[in-house]
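Peer 1:
Protein chains: 2
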Amino acid sequence: MITIDYSDRRPIYEQLVDKIKNLILIGLLKPDEQLPSVRILATELSINPNTIQRAYAELERQGVIYVVKGRGNYVAQTTNLLAQHKEEIKGKIEAIVEEAKKANVTKEEVIEEVTKCYDKC
Amino acid sequence: MITIDYSDRRPIYEQLVDKIKNLILIGLLKPDEQLPSVRILATELSINPNTIQRAYAELERQGVIYVVKGRGNYVAQTTNLLAQHKEEIKGKIEAIVEEAKKANVTKEEVIEEVTKCYDKC
DNA sequence: ATAACTGTATTAACACTCTTAATACACTTA
DNA sequence: TAAGTGTATTAAGAGTGTTAATACAGTTAT
Numbered sequence: 152m153i154t155i156d157y158s159d160r161r162p163i164y165e166q167l168v169d170k171i172k173n174l175i176l177i178g179l180l181k182p183d184e185q186l187p188s189v190r191i192l193a194t195e196l197s198i199n200p201n202t203i204q205r206a207y208a209e210l211e212r213q214g215v216i217y218v219v220k221g222r223g224n225y226v227a228q229t230t231n232l233l234a235q236h237k238e239e240i241k242g243k244i245e246a247i248v249e250e251a252k253k254a255n256v257t258k259e260e261v262i263e264e265v266t267k268c269y270d271k272c
Numbered sequence: 152m153i154t155i156d157y158s159d160r161r162p163i164y165e166q167l168v169d170k171i172k173n174l175i176l177i178g179l180l181k182p183d184e185q186l187p188s189v190r191i192l193a194t195e196l197s198i199n200p201n202t203i204q205r206a207y208a209e210l211e212r213q214g215v216i217y218v219v220k221g222r223g224n225y226v227a228q229t230t231n232l233l234a235q236h237k238e239e240i241k242g243k244i245e246a247i248v249e250e251a252k253k254a255n256v257t258k259e260e261v262i263e264e265v266t267k268c269y270d271k272c
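Residue numbers (my numbering), protein chains in the order written: chain A, 152 to 272; chain B, 152 to 272.
1) Between the Cα of B/E211 and those of B/Y225, B/P182, B/P200, spot the shortest distance and give me the residue it belongs to.
2) Quick one: does A/V256 have its CB under 8 Å from some CB of chain B?
3) Report the partner residues of A/Q185 according to the DSSP bridge assignment.
4) Which partner residues does A/I177 have in the DSSP bridge list?
5) Using a Cβ cut-off of 7 Å, pull out every chain B residue sitting near A/I240, in sequence order please.
6) Measure the C-alpha to C-alpha separation of B/M152 and B/I198 and round it to an integer number of angstroms.
7) Mind checking whether B/Y164 and B/E195 have CB atoms under 8 Å apart?
8) Please determine, among A/Q228, A/V219, A/Y157, the residue with the shortest C-alpha to C-alpha distance to A/K172.
9) DSSP three-state label for B/V215, please.
10) So, using beta-carbon positions, are A/E264 and B/K241 closer together than 8 Å?
11) Could you check where the alpha helix (DSSP H) with B/V248 kicks off and where it finishes?
12) Where A/D169 and A/E249 are concerned, what is the direct C-alpha to C-alpha distance, given to the nearest angstrom?
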C-alpha cells in the first residue's frame with residue numbers, strides 16, 4: 152500500500168504524508184476509515200515508529216486525518232483536501248507557465264504539450 | 152545580481168546553480184563572459200568560498216560554464232542549455248498534466264488555466 | 001621576478017535535520 | 001486485566017551542508 156523511495160531526497164516522513172494524501176485522493180482510503188497503527192505501519196515499512204508518528208502528526212495538523220486517542224488515526228472528510236489539491240495544481244500550472252513564457256515558449260506550444268500529454272497518459 | 156534565499160530548503164550551492172543558469176538563460180550573462188571569481192562572489196554573498204566552488208564545479212560538470220585555470224570561470228555556449236531548459240519545461244508540463252488528470256481536472260480546465268496565466272504574467 | 005589575482009584541494013570542525021532506539025504513560029477495548 | 005491504541009521524552013547516530021584555515025598551481029600585470 153505504501154512504499155518508501157530511498158532515492159528520493161525528501162525525508163521519509165514527508166514522503167509518507169504525500170503518499171497517504173494520495174491514497175485518500177484516489178479513494179483507496181475513505182473518510183472515517185482507520186489508518187494502520189503507528190507501530191504496525193512502522194513494522195511493515197521497517198522504519199521507526201517515531202517517523203510514522205511524525206507523518207501522522209503532520210497529516211493531523213493539515214486536517215487530513217483525525218485522531219482518537221487510544222483508538223487510532225482516521226481519515227478526515229476529504230472536501231478540503233480535494234479543494235486544496237486543485238488549488239495546488241493550479242499553482243503549479245501558473246509556475247510552469249510563467250517559466251515557459253520566460254523561456255520564449257509560446258502559449259500555443261504549451262497548450263500543444265498539454266494536449267499531447269493529456270491524451271497520452 | 153545574485154541573492155540567497157535562506158528560507159529556501161535547498162542548499163545554497165544548488166540555489167546558486169539555478170540562479171546562474173537563469174542569468175544565462177535571460178541573457179544577463181553571455182557566452183564567454185567571465186563570472187565573478189570564487190572569492191569575490193563569496194565575499195559579496197557573505198558565504199564561504201567553498202560553497203561557491205561547489206556551485207561552479209557543478210555548473211562545469213553540466214557544461215554550463217568552462218574554466219580556465221588561473222584565469223577564471225566563463226559562460227559556455229548556450230545552445231545546449233537552452234535546449235535542456237525547454238526539455239525540462241516539457242517534463243514539468245507532463246508531470247503536472249498527469250497530476251491534473253488524476254485529480255479529475257479536465258483538459259479544458261488545464262488549458263483555461265494555462266491561457267489565463269499566460270496572458271496575465 | 002614579484003605581487004596579486006585566478007582556480008583547486010584538503011582537512012577539520014560545526015550545525016542542522018532526519019532517523020533510530022529505548023522507555024514510559026494515558027486511553028480504549030475485548 | 002491484557003493487549004491494543006496514541007503520545008512524549010531523551011539520547012545517540014548518520015548524513016549533508018557549511019565554514020574555516022591553509023596550501024599549491026596557473027595567469028597576468030608591474
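Glycine residues also receive a C-beta, built at the ideal position from the N, C-alpha and C atoms.
Peer 2: Concretely, from the data shown:
1) B/Y225
2) Taking 8 Å as the threshold, the shortest C-beta distance from A/V256 to chain B falls below it.
3) A/Y225
4) For A/I177, which the question treats as bridged, DSSP gives no partner whatsoever.
5) I247, E250, A251, A254, V256
6) 15 Å
7) no
8) Of the candidates A/Q228, A/V219, A/Y157, the one whose C-alpha sits nearest the C-alpha of A/K172 is A/Q228.
9) If DSSP states are grouped into helix, strand and coil, B/V215 belongs with coil.
10) yes
11) 230-253
12) 25 Å
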